[in-house]
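Working notes, beginning with the structure itself.
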Ligand SMILES: Nc1ncnc2c1ncn2[C@@H]1O[C@H](COP(=O)(O)OP(=O)(O)OP(=O)(O)O)[C@@H](O)[C@H]1O
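In UniProt numbering, the protein residues as written are 1 to 278.
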């Protein structure tokens, strides 16, 4: 049976105004009435325009931003009833911008992902060492393993942050635009890896994406976010339609179909942005 790993139920969220506490009455909700359940073994893509609320939803799902109302449940238990260490063993998060411990070597940073599983002395077991080595190789970091993180490029540093999260061996994985700085080879390698791990280890994986064609190819389900609400949630074939995507992004798109595979693809259309449609 597939288990609901992570659920947002009736979630509303807002950010406190500068210098003032937020109240339910005064708040402008960045997320409004979000219901989303992510099951084990599925990769859910969050798609939407800039400022739609995708990162905020990830923050609420990970527990870094408390919802104004509604609830987030991790394996059926409200997130607030789990202690931080238990959450760290169960859920790994890679944010849009990540600080990757600049004074350390790549291998040491990836080992930090094992911390929630280690005792007070943080002593690495043989299992920790082998998980770290396997993760370094799967993230194409073997040649960089002994380099200081500060001496890496932006895309390489992001791969280290992802490797640290994968080394956590959590059951839930949340990633915010993980391939933002990646060249096309590393982009495909990352999503192949995420899809493989999600299927093999029955992960519940939620990924904020901007590349709708990557979402079409890799997502088990897609959630379209618009102005803090979910416009549609479901399998790619149902949700990734021309009409839904135009509505989500307020722009026209070219929608095509690969005649051999039947897979849909979408391209931007020169001169057919929001203004042209109005
Ligand atoms: N720390 C913050 N304080 C106040 N407002 C914020 C904060 N972070 C985000 N917002 C606002 O909340 C809304 C949603 O932002 P969010 O970062 O969730 O969007 P997003 O869909 O992830 O966008 P993008 O694709 O540009 O990353 C935006 O209007 C943004 O300006």
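For glycine and all other residues, C-beta sits at the position ideal for the given N, C-alpha and C. Bear in mind the structure is a predicted one, so any value in this text is a computation, not a measurement.
State buried or exposed for residue 228, treating a residue as buried only when at least 16 other CB atoms are found within 10 Å of its CB.
Residue 228 should be labelled buried.
Please say whether residue 12 and residue 62 have beta carbons closer to each other than 9 Å?
No. Outside cutoff.
Between residue 208 and residue 177, how many whole angstroms is the CB-CB distance? I'm expecting something under 8 Å.
Right, their Cβ atoms sit about 5 Å apart.
Out of curiosity, what's the CA-to-CA distance linking residue 218 and residue 194?
Their backbone Cα atoms lie some 9 Å apart in a straight line.
Consult DSSP for residue 127 and reduce its assignment to one of helix, strand or coil.
Of the three classes helix, strand and coil, the one that applies to residue 127 here is helix, per DSSP.
Could you tell me the alpha carbon to alpha carbon distance between residue 273 and residue 127, rounded to whole angstroms?
Each residue's Cα considered, the two are about 52 Å apart.
Comparing the CB of residue 176 with every heavy atom of ligand 1, is any distance shorter than 8 Å?
Yes, ligand 1 has a heavy atom inside 8 Å of this Cβ.
Kindly list the residues whose CB is nearer than 6 Å to the CB of residue 49, restricted to its own chain and excluding five residues on each side of it in sequence; keep chain order.
Only 249 meet the Cβ criterion.
Residues in the same chain with beta-carbon distance under 6 Å from residue 180, minus the five sequence neighbours each way, listed in chain order, please.
Excluding sequence neighbours, residue 180 sits near nothing in its chain.
Short check: CB of residue 100 to CB of residue 145, under 9 Å?
Not a contact, by the Cβ cut-off of 9 Å.
Can you check which of these residues, 162, 110, 118, 10, is closest to residue 66 by C-alpha distance?
Comparing Cα positions, the closest option is 10.
With the cut-off set at 9 Å, would you say residue 98 and residue 163 are in Cβ contact?
It is not a contact, given that the beta carbons lie outside the stated cut-off.
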